[in-house]
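Enquirer: Okay, so the sequence shown: first residue is 84 according to our numbering, each after it adds one. The following block contains the structure, expressed as structure tokens.
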Amino acid sequence: MDDLTSSLIVVGVTGVVVAAIFFFTHQAKARNQSAIREMALQHGWTYTNISEKLAWGTRLSTKKWELVARSESVGQVGDSGSSNIQSDTRFTADWETPLEYTLLIGPRLSGGSPGLFLPPEFARLREINPNPPGLSVDYLCLADERLDLQVLTRSSILRQLSDWPDKNRPLIIMKPSGLEITVKGHRMDKPEELERLIRLGESILSLNN
Numbered sequence: 084m085d086d087l088t089s090s091l092i093v094v095g096v097t098g099v100v101v102a103a104i105f106f107f108t109h110q111a112k113a114r115n116q117s118a119i120r121e122m123a124l125q126h127g128w129t130y131t132n133i134s135e136k137l138a139w140g141t142r143l144s145t146k147k148w149e150l151v152a153r154s155e156s157v158g159q160v161g162d163s164g165s166s167n168i169q170s171d172t173r174f175t176a177d178w179e180t181p182l183e184y185t186l187l188i189g190p191r192l193s194g195g196s197p198g199l200f201l202p203p204e205f206a207r208l209r210e211i212n213p214n215p216p217g218l219s220v221d222y223l224c225l226a227d228e229r230l231d232l233q234v235l236t237r238s239s240i241l242r243q244l245s246d247w248p249d250k251n252r253p254l255i256i257m258k259p260s261g262l263e264i265t266v267k268g269h270r271m272d273k274p275e276e277l278e279r280l281i282r283l284g285e286s287i288l289s290l291n292n
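This is the structure we're talking about:
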């Protein structure tokens, strides 16, 4: 077998493998989107598939909240040949009545900082250590003096956070103006992921009913 024939075989096999990977990846994405659409229908949520030139993802919403899981291609293709993709998932909502306190719960990094840069407006917050005790190992909880800690400990929120997968922990910001839960660097694309985040968001909203 000469070099040309060998090269053609390698190219052909590589093409088949790439095509198979593309096919199965596309099939998996289609199944996930179908499952998300069905989940939204069952719960009465509005489902929107985000399909733009440089952005893709999922939007779920009700009259009370909106969840956007989105990836976007930004900037130039890098030196390695890979595109620069930014992804995140964000749940936002307004309170039915203004919240009387500010609370931030975020993934704890080494050194005690949360997983995102803290804006100056949170500089006055103090660290709290709600039960369960193990939660403070994974999360940093900051609140102002107006928070009644029992409101938080009596809810299911802390248990949900304790059960959250180690990867892609959420950053929760509760302010008088509204609620925001963000998972940076990850676009949720599986029904169980999205439902977990929505369940957390709705549990938090119930604190101020």
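Note that beta-carbon positions come from the ideal geometry of N, C-alpha and C, so glycine has one too.
Which class does N212 belong to by DSSP, given the choice of helix, strand or coil?
Expert: N212: coil per DSSP, three-state reduction.
Enquirer: I'd like to know whether the C-beta atoms of L290 and V234 end up nearer to each other than 8 Å.
Expert: Their beta carbons are under 8 Å apart, which means L290 touches V234 by this criterion.
Enquirer: Which residue comes first and which comes last in the alpha helix (DSSP H) that contains V157?
Expert: Note, V157: premise wrong, no alpha helix (DSSP H); not H, not E.
Enquirer: Mind reading off the beta-carbon distance from L223 to E210? Whole number of angstroms is fine, and I expect it under 8 Å.
Expert: Yes, L223 and E210 are in contact; Cβ-Cβ is about 7 Å, under 8 Å.
Enquirer: Measure the C-alpha to C-alpha separation of D231 and L208 and round it to an integer number of angstroms.
Expert: The alpha-carbon atoms of D231 and L208 are separated by roughly 14 Å.
Enquirer: Reducing DSSP to helix, strand and coil, say where S289 ends up.
Expert: Three-state DSSP puts S289 in a helix.
Enquirer: Looking at the strands, I want to know which residues DSSP matches up with Y222.
Expert: Answer is P190.
Enquirer: From this set, S154, W128, D249, L262, which residue's C-alpha is nearest E135's C-alpha?
Expert: Checked all of S154, W128, D249, L262; the closest Cα to E135 is S154.
Enquirer: Taking the continuous alpha helix (DSSP H) assigned at S245, which residues delimit it?
Expert: Unbroken alpha helix (DSSP H) run through S245: 240 to 245.
Enquirer: If I follow the unbroken alpha helix (DSSP H) through T236, where does it start and stop?
Expert: Where T236 is concerned, the enclosing alpha helix (DSSP H) stretches over 232 to 236.
Enquirer: Less than 8 Å between the C-beta atoms of L280 and M271, yes or no?
Expert: The answer is yes: Cβ separation under 8 Å.
Enquirer: Straight-line CA distance for P181 to S170?
Expert: Looking at the two C-alpha atoms, the distance is approximately 30 Å.
Enquirer: Would you kindly report the start and end of the unbroken beta strand (DSSP E) that includes R207?
Expert: Taken as a continuous stretch (DSSP letters only), R207 belongs to no beta strand (DSSP E), as it is neither H nor E.
Enquirer: Alpha carbon to alpha carbon, what distance is there between Q116 and G140?
Expert: For G140 and Q116, the distance between alpha carbons rounds to 9 Å.
Enquirer: Relative to the C-alpha of K250, which residue among M122, D221, K258 is closest?
Expert: Ranking the options by Cα distance to K250, first place goes to D221.
Enquirer: Where do the ends of the beta strand (DSSP E) carrying L143 lie?
Expert: That run of the beta strand (DSSP E) goes 138 to 144.
Enquirer: Are the CB atoms of P274 and I264 nearer to each other than 8 Å?
Expert: Taking 8 Å as the Cβ cut-off, P274 and I264 do not qualify as a contacting pair.
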